[in-house]
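Q: Counted from 1, the sequence shown has number 85 at position 86 by numbering that gives the first Met the number 0; the numbering is strictly sequential. Even for Gly, the Cβ is constructed at its ideal location relative to N, Cα and C. Small disclaimer: the values here were computed from a predicted structure and weren't measured.
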Amino acid sequence: MTDSHPIFDTFIFDLDGTLLDTMPDLIVVTNKTLEHFGKPTHTDAEILSYVGDGAQRLIYRAMPEGTSDETCAEALAYWKALYPEIGLELTKPYAHMPETLAQLKKQGCKLAVLSNKYEGGVKDVIPKYLPGLFDVLHGECEGIPRKPDPTGLLRTIAELGSAPERTAYVGDSAGDIKVARNAGTFAIGVDWGYNPVDVLQEAGADVILSSPTQFLQFSPT
């Protein structure tokens with residue numbers, strides 16, 4: 000403990016709403032997909048309410064009630080093909096995120112991303128906006144179910160050569176806090192993402208931070 004803070008040498012991060020503000024691109028790609036299939040588009044707030052549980056859930060929530068599973072599957076495939084074409088233009092890192100991650104890495108911390116975004120999307124967007132900072136990148140894929148299932152988090156920790164008690168998981172949603180709890184890691188919530196603070200508190204966050212620079216309080220010096 001240092002200054003009353005536990006110290007960790009491993010930090011694993013959620014992506015959307017935690018590392019990067021991806022919402023403007025998610026809105027554009029989702030509405031273009033709906034237009035392509037002749038479906039009504041949604042407001043920014045509506046799409047925000049659909050985000051957090053992966054691309055499949057996003058599409059199924061955005062499509063009109065009663066849409067067939069076959070059409071939803073076709074829309075998901077279209078969305079995934081469109082995302083790398085136009086879905087990386089409006090995204091940006093949150094303030095102080097790149098330099099803070101670089102400092103954590105300089106201090107010898109192991110860094111990774113575990114997101115509910117499909118794995119291809121994670122591996123497209125992170126190298127574009129936060130290159131060279133992470134040792135492991137994972138999204139939802141075969142073998143990694145959506146959070147709060149701890150399978151992906153435990154796998155990522157193992158791939159880093161670390162252990163849950165040395166790890167802090169960082170995110171902006173209840174699912175992020177719950178996956179940290181389920182895997183036995185420290186749960187850091189952030190208040191700059193897509194969910195209100197009370198959601199993080201109710202999920203059992205160990206701490207809620209207001210700036211990426213505060214990660215350094217929990218890292219070796």
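In whole angstroms, give me the CA-to-CA distance for Arg145 and Lys116.
A: Approximately 9 Å between the Cα atoms of the pair.
Q: Which word fits Cys140, buried or exposed, when buried means at least 16 other C-beta atoms lie within 10 angstroms of its C-beta?
A: Cys140 should be labelled exposed.
Q: Does Thr15 come out as helix, strand or coil in the three-state DSSP assignment?
A: Note that residue 15 is Asp in the sequence shown, not Thr. Looking at Asp15 - three-state DSSP - the assignment turns out to be strand.
Q: Taking 6 Å as the cut-off, is the C-beta of Gly174 nearer than that to any heavy atom in the ligand MG?
A: Summarising the ligand content, the structure contains no ligands, and the ligand MG is consequently not present.
Q: Let me make sure I understand the geometry here. Which of Glu158, Tyr128, Phe217, Gly203 has the alpha-carbon closest to that of Leu14?
A: Closest by alpha carbon: Tyr128.
Q: Is the number of C-beta pairs between the stretch 20 to 33 and the stretch 202 to 219 that are closer than 8 Å three or more?
A: Taking 8 Å as the limit for Cβ pairs, the verdict is that the stretch 202 to 219 does not touch the stretch 20 to 33.
Q: Figure out for me which residue from His4, Ala54, Ile143 has the closest Cα to the Cα of Met22.
A: Among His4, Ala54, Ile143, the Cα nearest to that of Met22 belongs to Ala54.
Q: By how many angstroms is the C-alpha of Ile125 removed from the C-alpha of Lys91?
A: One C-alpha to the other measures close to 10 Å.
Q: State the CB to CB distance for the pair Asn194 and Pro149, rounded to an integer number of angstroms; the pair is presumed to be in contact (CB under 8 Å).
A: Between Pro149 and Asn194 the Cβ distance is about 20 Å, and since that is not below 8 Å, they are no contact.
Q: Check whether the stretch 68 to 75 and the stretch 85 to 100 touch, using three or more Cβ-Cβ pairs below 8 Å as the test.
A: Output reads no: the stretch 85 to 100 does not touch the stretch 68 to 75.
Q: Taking the beta carbon of His137 as the centre, do at least 16 other beta carbons fall within 10 Å, making it buried, or is it exposed?
A: The residue is buried, with at least 16 neighbouring Cβ atoms inside 10 Å.
Q: Measure from the alpha carbon of Tyr49 to the alpha carbon of each residue in Met62, Ala162, Gly37, then state which is nearest.
A: The shortest C-alpha separation from Tyr49 is found at Met62.
Q: In the structure shown, what three-state DSSP assignment does Glu141 receive?
A: Note: Glu141 maps to coil in three-state DSSP.
Q: Would you decide whether Lys109 is buried or exposed? Buried here means 16 or more other CB atoms lie within 10 Å of its CB.
A: Buried.
Q: Check Gly188 in the structure and name its three-state DSSP category.
A: Three-state DSSP puts Gly188 in a strand.
Q: From which residue to which residue does the alpha helix (DSSP H) around Ser48 run?
A: Unbroken alpha helix (DSSP H) run through Ser48: 43 to 49.
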